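Here the structure is laid out as structure tokens; the discussion comes afterwards.
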Amino acid sequence: MKFKQSDGQNQRIERITTSHLVVSIDMAKETQVTQATNYRVIVLTIQHLSFKNTIQGFEKLQR
Numbered sequence: 019m020k021f022k023q024s025d026g027q028n029q030r031i032e033r034i035t036t037s038h039l040v041v042s043i044d045m046a047k048e049t050q051v052t053q054a055t056n057y058r059v060i061v062l063t064i065q066h067l068s069f070k071n072t073i074q075g076f077e078k079l080q081r
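Per our numbering, residue 19 is the first one in the sequence shown, and the count goes up by one each step.
Structure below.
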């Protein structure tokens, strides 16, 4: 049986539970934008977070 990439992705999605926080990042060349959602893809943040594509920007994301 041939393993499809979508099968692996679906398996990872099925493992998401109510205790998971999903952080999505729209990656661009210089400035990234991120937002946090719950397992049901309901937005948990009031507004998105922008950060630069630098070490300092990623440290801002971690904080």
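The C-beta atom is built at its ideal place from N, Cα and C for all residues, glycine as well.
Just so you know, these numbers come straight off a predicted model, no measurement behind them.
Original post:
So what does DSSP say about Gln27, is it helix, strand or coil?
Top reply: Working through the sequence shown from its first residue, we reach residue 27 at position 9. It is helical.
Original post:
CA-CA distance, His66 and Thr55?
Top reply: As a position in the sequence shown, residue 66 is number 48, starting the count at 1. As a position in the sequence shown, residue 55 is number 37, starting the count at 1. Near 11 Å, if we compare the C-alpha coordinates of Thr55 and His66.
Original post:
Anyone know if the C-beta pair for Lys70 and Thr49 falls short of 8 Å?
Top reply: For the purposes of this step, residue 70 is taken as the residue at position 52 of the sequence shown. For the purposes of this step, residue 49 is taken as the residue at position 31 of the sequence shown. Closer than 8 Å, so yes.
Subject >> Rounded Cβ spacing between Thr52 and Ser37 (contact assumed at less than 8 Å) >> reply: Within the sequence shown, numbered from 1, the residue matching residue 52 stands at position 34. Within the sequence shown, numbered from 1, the residue matching residue 37 stands at position 19. Actually they do not touch by this definition, with Cβ atoms about 20 Å apart.
Subject >> Through-space distance from Ile60 to Gln74, alpha-carbon basis >> reply: Translated into the one-based positions of the sequence shown, residue 74 becomes position 56. Translated into the one-based positions of the sequence shown, residue 60 becomes position 42. Spanning the two alpha carbons is a distance of roughly 28 Å.
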